[in-house]
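Novice: Questions regarding the structure given below will be posed in turn.
Rendered as structure tokens:
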């Protein structure tokens, strides 16, 4: 039973990571580096645990105190702390790496970090609340974390190769990850009616559509980036001859 619960908890994250890795068909990232990103994603839980524990100490709750209170909890206490933890790993570990050499790599590294976080969170939820929670999170919560990671990684990939707008692009990636994460949680925090659940799913649907578009655009951009790099290398070789 414990083994089945563990497998259910880790399977979604592994499946998403394999899918993203398969899409990275040019200059694939070193596996050791991706594993370290995954581990850092797990470590990224430290920040939200501290923030949410402090929020609890000061009497902040996800629901029960009005819409503004729930919005603050969803967007700041949960959304900003969780996405902020992932962002720190992406910005200060993966971003400076030499292997980060094409725009799509921003999505790859961000998803590995995000899935580390989501997998650790999933294990906690499955062992605390049971297999039914694991099945629900497999199709909703873990894909949601993947979408947030893709949106953040998309802008991080742009920032790497548009250095004159690096600060703005990095902030934009974190901003949209927090906004979609917060919106998804907010609608779930304010009640359990069918309308609120549907609103959460609509926000997730929008995030999924944007994530698919981001993947397509960065794969095309990375192909163009590789073509230009090869042309530049050929020109340098010709000049040397």
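In my numbering, the protein residues as written are 14 to 254. No residue lacks a Cβ here, since even glycine has one placed at the ideal position from N, Cα and C. Being a predicted model, the structure only gives us computed values, none of them experimental.
Where do the N-terminal and C-terminal ends of the alpha helix (DSSP H) with residue 93 fall, by residue?
Specialist: As a first step, residue 93 must be located in the chain shown, where it is residue number 80. From DSSP, residue 93 is part of no alpha helix (DSSP H); its letter is neither H nor E.
Novice: By the 10 Å Cβ neighbour count, where 16 or more other Cβ atoms means buried, how is residue 128 classified, buried or exposed?
Specialist: As a first step, residue 128 is located in the chain shown; it is residue number 115 there, counting from the start. Residue 128 should be labelled buried.
Novice: Taking residue 125 as the reference, which of 26, 81 and 202 has the closest Cα?
Specialist: In the chain shown, the residue the question calls residue 125 occupies position 112. Measuring from the Cα of residue 125, the nearest candidate turns out to be 26.
Novice: Suppose contacts are defined by Cβ-Cβ distances below 8 Å. Is residue 215 in contact with residue 21 by that definition?
Specialist: Mapped onto the chain shown, residue 215 falls at position 202. Mapped onto the chain shown, residue 21 falls at position 8. Contact: no.
Novice: Are at least three pairs of beta-carbons, each pair with one atom in the segment 199–206 and one in the segment 142–158, less than 8 Å apart?
Specialist: The segment 199–206 is not in contact with the segment 142–158.
Novice: How many angstroms separate the CA atom of residue 233 from the CA atom of residue 74?
Specialist: Along the chain shown, one-based indexing puts residue 233 at 220. Along the chain shown, one-based indexing puts residue 74 at 61. Taking the straight line joining both Cα atoms gives about 43 Å.
Novice: Under 8 Å, with one C-beta from each stretch per pair, do the segment 182–198 and the segment 84–91 reach the 3-pair mark?
Specialist: Yes, the segment 182–198 touches the segment 84–91.
Novice: Going by beta-carbon coordinates alone, are residue 120 and residue 231 separated by less than 8 Å?
Specialist: Within the chain shown, the letter at position 107 stands for residue 120. Within the chain shown, the letter at position 218 stands for residue 231. For residue 120 and residue 231, yes; Cβs fall inside 8 Å.
Novice: Expressed to the nearest angstrom, what Euclidean distance is found between the alpha-carbon atoms of residue 39 and residue 87?
Specialist: Counting from 1 along the chain shown, the entry for residue 39 is found at position 26. Counting from 1 along the chain shown, the entry for residue 87 is found at position 74. Rounded to whole angstroms, residue 39 to residue 87 spans 38 Å at the Cα level.
Novice: Over the uninterrupted alpha helix (DSSP H) stretch that includes residue 141, give me the two end residues.
Specialist: Reading the chain shown from its first residue, position 128 is the one you call residue 141. It spans 117–142 - the alpha helix (DSSP H) in which residue 141 sits, taken as one unbroken run.
Novice: Could you spell out the range, first to last residue, of the alpha helix (DSSP H) harbouring residue 153?
Specialist: Mapped onto the chain shown, residue 153 falls at position 140. Looking at the DSSP string, residue 153 is not in any alpha helix (DSSP H), and its letter there is neither H nor E.
Novice: What does a CB cutoff of less than 7 Å around residue 223 pick up in its chain, not counting 5 residues either side in sequence?
Specialist: Counting from one through the chain shown, the residue named residue 223 turns up at place 210. For residue 223, where only same-chain residues beyond five positions count, the Cβ hits under 7 Å are 164.
Novice: The alpha helix (DSSP H) with residue 25 in it runs from where to where?
Specialist: Here residue 25 is taken as the residue at index 12 of the chain shown, counted from 1. Segment 15–36, the alpha helix (DSSP H) holding residue 25.
Novice: Classify residue 42 as helix, strand or coil using the three-state DSSP reduction.
Specialist: Start at 1 with the first residue of the chain shown, and residue 42 comes out as number 29. Coil.
Novice: As a quick exercise: from 103, 204 and 177, pick the residue whose alpha carbon is nearest that of residue 130.
Specialist: On the chain shown, position 117 is the one that residue 130 refers to. With distances taken between Cα atoms, residue 130 lies closest to 103.
Novice: Along the alpha helix (DSSP H) that carries residue 74, what are the first and last residues, could you check?
Specialist: Numbered from its first residue, the chain shown carries residue 74 at position 61. Run containing residue 74: none; DSSP gives neither H nor E here.
Novice: Along the chain, where does the alpha helix (DSSP H) that runs through residue 200 open and close?
Specialist: For the purposes of this step, residue 200 is taken as the residue at position 187 of the chain shown. Start and end: 179–202.
Novice: Tell me the rounded alpha-carbon separation between residue 23 and residue 148.
Specialist: Against the chain shown, residue 23 aligns to sequence position 10. Against the chain shown, residue 148 aligns to sequence position 135. Each residue's alpha carbon lies about 11 Å from the other.
Novice: Quick check on residue 220: does DSSP put it in helix, strand or coil?
Specialist: Translated into the one-based positions of the chain shown, residue 220 becomes position 207. Correct three-state label for residue 220: helix.
Novice: Quick one: give me the first and last residue of the alpha helix (DSSP H) that residue 83 is part of.
Specialist: In the chain shown, the residue the question calls residue 83 occupies position 70. Its alpha helix (DSSP H) spans residues 80–85.
Novice: So which of 217, 161 and 83 has the shortest CA-CA distance to residue 100?
Specialist: Position 87 of the chain shown, counted from the first residue, corresponds to residue 100. It is 161.
Novice: Distance check for residue 69 and residue 188, CA to CA, integer angstroms please.
Specialist: To locate residue 188, count along the chain shown from 1; it is residue 175. To locate residue 69, count along the chain shown from 1; it is residue 56. Rounded to whole angstroms, residue 188 to residue 69 spans 24 Å at the Cα level.
Novice: Is DSSP giving residue 176 helix, strand or coil here?
Specialist: Counted from its first residue, the chain shown places residue 176 at position 163. Helix.
Novice: On a CA-only basis, which of 115, 53 and 151 is nearest residue 236? Give me that one, please.
Specialist: Start at 1 with the first residue of the chain shown, and residue 236 comes out as number 223. Of the candidates 115, 53 and 151, the one whose C-alpha sits nearest the C-alpha of residue 236 is 115.
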